[in-house]
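Numbering (the UniProt record's numbering), first residue to last: 1 to 231. Every residue, glycine too, gets a C-beta built ideally from N, C-alpha and C. As the structure is a prediction and not an experimental result, all values here were calculated from the model. Worksheet for the structure shown next.
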DNA sequence: AACAAGTTCAACCGCATAACA
DNA sequence: GTGTTATGCGGTTGAACTTGT
């Protein structure tokens, strides 16, 4: 039997030192990413592979964009979250230079609070105070305001994602509700074009294709899941 | 200046699943 | 087909930092 990934004894934990960072950077520059299990030993690090991977992906990678999120990034996160739920890696994948951890943290510390303040449930993007009569479906024009927050404010119509944070009940659940529920209707002007990506994301893509008003193209970009958002 | 409360964010943990034997 | 390991993901934690009193 092979040893488990994280052998608890003899491995460092907690914050990384500059020396550790440098060792990791040097090693990956020379050997590239991959084989995280054997990397710590080869790089002379007393860390588990998991920890090295996380440090590299979330902090040391050269293409990481640090600093505040721009307004358009924030809008995109909201839109994607409405559609995808807490699938941070998928959301981050649409924000160049941003990591899933960063997006998740930003959501929890900034956006979530903002939405709550506005009376919007961040879990399902619905208003907490629901009008007595539901709006008819598919009648609202796309938001004309410059960002999603404005759209929320002006139209008070929130995205479709269901209680479970997932995507599985986005469009279908609305059909099920059939106007009986007071749930508001999607109006984020999400026009999706999805290309079948790498095998790993096929399940996701199928779900998306099934649950959203989307166009599935036959184009495949190797190892690059493609989800185009037009706002 | 000192402390408390609130916020941010890097890092850890556990689970799911892909990959492999 | 089954069992085991490696990897990736999302939830959570806690130290560091900021703000208010």
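For residue i: DSSP bridge partner residues
i	result
residue 83	Residue 83 pairs with nothing; no bridge assigned.
residue 127	120
Cβ pair residue i, residue j closer than 9 angstroms
i	j	result
residue 63	residue 43	no
residue 107	residue 81	yes
residue 20	residue 58	no
residue 52	residue 24	yes
residue 100	residue 88	yes
Top-ranked residue by Cα proximity to residue i, from the options
i	options	result
residue 97	60, 86, 85 and 126	60
residue 111	84, 75, 89 and 126	75
residue 109	89, 87, 11 and 69	69
residue 11	41, 18 and 65	41
Through-space distance from residue j to residue i, alpha-carbon basis
i	j	result
residue 92	residue 123	18 angstroms
residue 39	residue 114	41 angstroms
residue 14	residue 85	29 angstroms
residue 18	residue 126	45 angstroms
residue 36	residue 66	24 angstroms
residue 117	residue 54	33 angstroms
residue 31	residue 105	31 angstroms
residue 16	residue 49	14 angstroms
residue 220	residue 90	Note that residue 220 scores 35 on pLDDT, short of 50, meaning its location in the model is unreliable; the coordinates nonetheless yield the value given after this. Approximately 17 angstroms between the Cα atoms of the pair.
residue 121	residue 34	39 angstroms
Is the stretch 37-51 touching the stretch 78-94, taking contact as three or more C-beta pairs under 8 angstroms? no
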